[in-house]
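What follows is a short report on a single structure.
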Amino acid sequence: MLTDDTLREGLQTPGFAFSINERIEIARQLSKAGLRRALVSYPSAHWSEAEVARTIVKENLFDETYALGRTVREDIDAIYETGANISMHLPFEVADLGKIEESVKYASTKGGLVEVAIVNVAAYTPDQIIKMAKRIEMAGANVIQLPDTTGTATPNHMRAVIQAAKRSLNAKIEVHCHNDSGASVLNAFTAYEAGADYIDCTVFGIGERNGISDLGTVESILSLSGYETGINRAELRKLYELMAEILVRKLGPDFLFRNFPVYGENSGIHTAGTHAAFSGTFHGEKFSVNVYTGRSMIRRLLAANNIELNERDLKMLVEKVKDISVKEGRAMGVAEIVKLARENSGGA
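For what it's worth, my numbering labels the leading residue of the sequence shown as 63, then goes sequentially.
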């Protein structure tokens, strides 16, 4: 019913990053609170992401532990090696569904559960979504995630999409709703009532831009509506206290105000991540980088600041940025990355 994505989606919160130890501590508290399903990391992004997934799987904290990646063999293998179930996201623009089907078939040979997200359902009609979803299901997906990645879907659209999916597919259906319009919880609950099997949530709703559906709010609405959530609210409160301490320490007490939908500052800020919704802007400090960044993203950031590195220096810079972010448990701003780049290139 509830899937927690705090440990993965939460890392796309503007200006934010976890340390490895913080993520494991949060995972343990999520388990105590009764969460049985979680998406915990992006193993192909950095060695620390694989370590987080591997540790959580080893401790058997959840009935279903997933790690995320692209629909390519490299990412599938990286996830498989951690022992986690395989979750994959399609690109924003699907150019070759045949190649994606081959990747899903390959993932399905690994023996675990396979989940595939059709990114940005607001951009498609229900019929278009079902055509893609049927092919992905036939290729071996056990779960089809239908995310409102841009936070622009309406409850009516989500209802229509989920109803069509339940009529047409045997796979489980998950929703992942962003909160740009303030409707993430409404959209998620509408989708659940329409037949969705799982709702993706995070603690305090943290995530890319101003986040997704808040775990505590969704749990409360489901309970009030007569659904059994299996959540221990005393332990859930401890989880929120833990996350509040981390968020306020790293982002300041005004974070929740800045994270407010529609008018909050975070609605226009995008993290340089492996699954960022928009490219955003690379000027000024309204952009943050952590372990989820990649070479193409850093290259564009540097180009916007008139810096060009060769491939060797660029690779070294990206790894240094990721290592610092993981070791210190913080995101890095544009100015700091520009400074590192100039140092690495001898002041170029």
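Even glycine gets a Cβ: it sits at the ideal position worked out from N, Cα and C.
Quick caveat: nothing in here was measured; it's all calculated off a predicted structure.
State yes or no: is the C-beta of residue i nearer than 7 Å to some heavy atom of the ligand NAP?
i, result
"Asp210", "The ligand NAP is not part of this structure, which contains no ligands at all."
Kindly indicate the opening and closing residues of the beta strand (DSSP E) around residue i.
i, result
"Gly131", "Glu126 to Arg132"
"Glu290", "No beta strand (DSSP E) holds Glu290; DSSP gives it neither H nor E."
"Thr117", "Unbroken run through Thr117 is the alpha helix (DSSP H), Trp109 to Lys120; no beta strand (DSSP E)."
"Ile235", "Lys234 to Cys239"
"Val176", "Val176 to Ala179"
"Ser149", "Asn147 to His151"
"Gln453", "Outside the modelled stretch of the chain, which goes from 63 to 410, sits residue 453, for which no answer is possible."
"Arg99", "Arg99 to Leu101"
Span of the alpha helix (DSSP H) holding residue i?
i, result
"Ile225", "What sits at residue 225 in the sequence shown is Gln, not Ile. Residues Pro217 to Ser230."
"Glu164", "Leu159 to Ser170"
"Ile198", "Pro188 to Ala201"
"Val388", "Glu373 to Glu390"
"Leu92", "Ile82 to Lys94"
"Ile141", "Arg135 to Tyr142"
"Ala397", "Val396 to Asn406"
What does a CB cutoff of less than 7 Å around residue i pick up in its chain, not counting 5 residues either side in sequence?
i, result
"Thr144", "Pro105, Ala112, Ala115, Arg116, Val119 and Ala129"
"Val223", "Val183, Pro188, Ile191 and Leu208"
"Ile82", "Ser110, Glu113, Val114 and Val388"
"Gly174", "Asn147 and Ile148"
"Leu313", "Gly77 and Phe78"
"Phe154", "Val181 and Asn182"
"Leu248", "Pro217"
Buried or exposed: which applies to residue i, given that a residue is buried once 16 or more other Cβ atoms fall within 10 Å of its Cβ?
i, result
"Asp242", "buried"
"Arg374", "exposed"
"Ser103", "buried"
"Ser275", "buried"
"Glu121", "exposed"
"Gly77", "buried"
"Asp316", "exposed"
"Tyr325", "With a pLDDT of 49 at Tyr325, under the threshold of 50, the predicted position of this residue should be treated as unreliable, though the coordinate-derived value follows. Label assigned to Tyr325: exposed."
"Ala140", "buried"
"Arg70", "buried"
"Lys384", "buried"
"Arg271", "buried"
"Gly342", "Low confidence applies here, because Gly342 scores a pLDDT of 40, under 50, leaving its location unreliable; read the following figure in that light. Label assigned to Gly342: buried."
"Glu199", "buried"
"Ser246", "buried"
Please list, in chain order, all residues of the same chain as residue i whose beta carbon is under 8 Å from its beta carbon, the five residues on each side excluded.
i, result
"Leu123", "Ala89, Arg90, Leu92, Ser93 and Ala100"
"Val134", "Ser165"
"Lys401", "none"
"Thr291", "Met63, Leu64, Gly96, Glu281, Leu284 and Ser285"
"Tyr302", "Val265, Phe266 and Gly278"
"Lys196", "Ser230 and Leu231"
"Lys300", "Gln91, Lys94 and Ala95"
Would you kindly check if the distance between the Cβ of residue j and the Cβ of residue i is under 8 Å?
i, j, result
"Met378", "Ser387", "no"
"Leu152", "Val181", "yes"
"Val178", "Ala203", "yes"
"Thr65", "Gly273", "no"
"Lys234", "Gly257", "no"
"Leu371", "Leu363", "no"
"Ile268", "Gly72", "yes"
"Asp125", "Arg98", "yes"
"Ala169", "Ile138", "yes"
Identify, in the order they occur along the chain, each residue of the same chain with its Cβ nearer than 6 Å to the Cβ of residue i, setting aside the five sequence neighbours on each side.
i, result
"Ala334", "For Ala334, the pLDDT reaches just 49, beneath the cut-off of 50, and the residue's location in the model is therefore unreliable, although a value from the coordinates is still provided. Val351, Thr355 and Met359."
"Lys172", "Tyr142"
"Ala201", "Glu163, Val166 and Lys167"
"Tyr260", "Thr65 and Glu236"
"Arg221", "Thr252 and Ala256"
Could I get the ranges of all uninterrupted beta strand (DSSP E) runs contained in the segment 350-375, with 3 residues as the minimum, in chain order?
Whole beta strand (DSSP E) segments, 3+ residues: zero.
Taking only runs that begin and end inside the segment 246-270, name each unbroken beta strand (DSSP E) of 3 or more residues, in chain order.
If we require 3 residues or more, the beta strand (DSSP E) runs fully inside the segment 246-270 come out as 260-263.
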